[in-house]
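*Asks:* Numbering (my numbering), first residue to last: 9 to 203.
The beta-carbon is built from N, C-alpha and C at its ideal position, and this holds for glycine as well.
Please read through the structure below; I'll follow up with questions.
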């Protein structure tokens with residue numbers, strides 16, 4: 009009888025530890041940038057030439073300094089970024105982005121809208137209303153993509169006090185009737201006036 013109780017207790021503790029590990033792993037997912045985002049940065053940095061060595065001290069499609077490459081673990085793939093494949097450069101760039109943010113590529117990140125103005129969420133705000141009011145190109149989807157880490161997995165759950173990075177904005181003129189199959193905080197039809 010004592011063995012059964014001990015065995016059950018051990019099983020219970022192990023099950024709890026495994027469950028906790030799974031919850032921790034799921035609770036903090038990494039939101040890596042898309043391949044398209046990295047291609048846009050490479051287009052800006054190197055005209056999309058992943059094997060670029062111009063002799064200026066920066067290498068590869070994302071124009072990475074060798075010291076930064078090494079610090080982010082790039083030596084596991086190649087001695088310099090331009091000698092690594094596109095996919096390997098992206099893996100290392102994701103590590104650089106975690107360490108330095110988009111400021112590792114300041115001009116290009118700003119140009120494609122990854123760096124913008126800051127906005128603090130107020131009670132009653134939705135991604136749709138913020139994107140509309142600030143004229144965010146790409147609407148709520150672009151605003152969410154730029155702030156997934158701050159917002160989390162549910163774009164409908166926007167907490168007051170959250171500081172958002174607002175991608176490039178453009179004012180639109182004239183009234184528009186917009187149709188969006190699903191937009192958090194907005195009905196399917198939304199009459200928006202821009203001026």
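Would you mind stating whether residue 57 and residue 69 have Cβ atoms separated by less than 8 Å?
*Replies:* yes
*Asks:* CA-CA distance, residue 95 and residue 160?
*Replies:* 26 Å
*Asks:* Using a Cβ-Cβ cutoff of less than 6 Å, which residues in the same chain neighbour residue 80 once the five nearest sequence positions on both sides are dropped?
*Replies:* Residues of the same chain with a CB within less than 6 Å of the CB of residue 80, apart from the 5 flanking positions on each side, are 100, 103 and 104 in chain order.
*Asks:* So, is residue 222 buried or exposed, given that buried needs 16 or more other C-beta atoms within 10 angstroms?
*Replies:* Not covered by the structure: residue 222. The range shown for the chain is 9 to 203.
*Asks:* State the DSSP-derived secondary structure class of residue 90, mapped to helix, strand or coil.
*Replies:* Residue state, collapsed to three classes: helix.
*Asks:* Could you compute how far the alpha carbon of residue 164 sits from the alpha carbon of residue 92?
*Replies:* Annotation: residue 164 to residue 92 spans about 39 Å, alpha carbon to alpha carbon.
*Asks:* Could you tell me the distance, in whole angstroms, from the CA atom of residue 63 to the CA atom of residue 77?
*Replies:* Each residue's Cα considered, the two are about 16 Å apart.
*Asks:* Over the uninterrupted beta strand (DSSP E) stretch that includes residue 125, give me the two end residues.
*Replies:* 125-128
*Asks:* Got a sec, what are the start and stop residues for the beta strand (DSSP E) residue 172 sits in?
*Replies:* 171-174
*Asks:* To the nearest angstrom, report how far apart residue 175 and residue 145 are at their CA atoms.
*Replies:* 8 Å
*Asks:* From the DSSP output, which residues share a beta bridge with residue 67?
*Replies:* Partner(s): 61 and 72.
*Asks:* For residue 47, does the three-state DSSP call read helix, strand or coil?
*Replies:* helix
*Asks:* Among 150, 123, 170 and 115, which has the Cα closest to the Cα of residue 129?
*Replies:* 170
*Asks:* Would you call the CB atoms of residue 71 and residue 55 closer than 8 Å?
*Replies:* The criterion of a C-beta distance shorter than 8 Å is not satisfied by residue 71 and residue 55.
*Asks:* If residue 123 and residue 173 are in contact, beta carbons under 8 Å, what's the gap, nearest whole angstrom?
*Replies:* 7 Å
*Asks:* Taking the CB atoms as reference points, tell me whether residue 46 and residue 98 lie closer together than 8 Å.
*Replies:* yes
*Asks:* What do you get for residue 167, buried or exposed, if any count of 16 or more other CB atoms within 10 angstroms of its CB means buried?
*Replies:* exposed
*Asks:* Going by other Cβ atoms of all chains shown within 10 Å of its Cβ, with 16 needed for buried, is residue 89 buried or exposed?
*Replies:* buried
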